[in-house]
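In the working numbering, the protein residues as written are 118 to 202.
All C-beta atoms in this analysis are idealised placements derived from N, C-alpha and C, irrespective of residue type, glycine included.
Each remark here refers to the structure printed beneath this line.
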């Protein structure tokens with residue numbers, strides 16, 4: 118399921134006991150790019166890793182647990198080119 122915040126939808130974080138967060142995805146409506154979700158929180162063991170961000174977005178944070186998960190990788194930067202005639 119996807120949730121929306123204006124024109125920049127995002128992927129929800131994982132549930133408790135769940136796995137790693139989903140990676141961000143890209144909508145070709147610059148500059149609306151969605152970041153990754155946070156990883157799930159395990160009741161024991163490692164927390165899930167955060168999802169990777171889409172272009173221009175940071176990755177999601179890792180879930181809590183006995184050992185917290187890793188934060189997701191930030192997305193690659195992007196450049197908007199405007200040509201004025």
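Pairwise C-alpha distance: residue j and residue i
{"i": "residue 121", "j": "residue 163", "result": "Reliability of the predicted coordinates at residue 121 is poor, the pLDDT of 44 falling under 50, and the value obtained from them is presented with this limitation in mind. Taking the straight line from one Cα to the other gives about 29 Å."}
{"i": "residue 183", "j": "residue 139", "result": "21 Å"}
{"i": "residue 174", "j": "residue 188", "result": "13 Å"}
{"i": "residue 172", "j": "residue 141", "result": "8 Å"}
{"i": "residue 136", "j": "residue 201", "result": "47 Å"}
{"i": "residue 185", "j": "residue 165", "result": "7 Å"}
{"i": "residue 180", "j": "residue 191", "result": "16 Å"}
{"i": "residue 176", "j": "residue 169", "result": "4 Å"}
Buried or exposed by the 16-neighbour rule on C-beta atoms within 10 Å, applied to residue i
{"i": "residue 193", "result": "exposed"}
Residue i - partner residues in DSSP beta bridges
{"i": "residue 163", "result": "184"}
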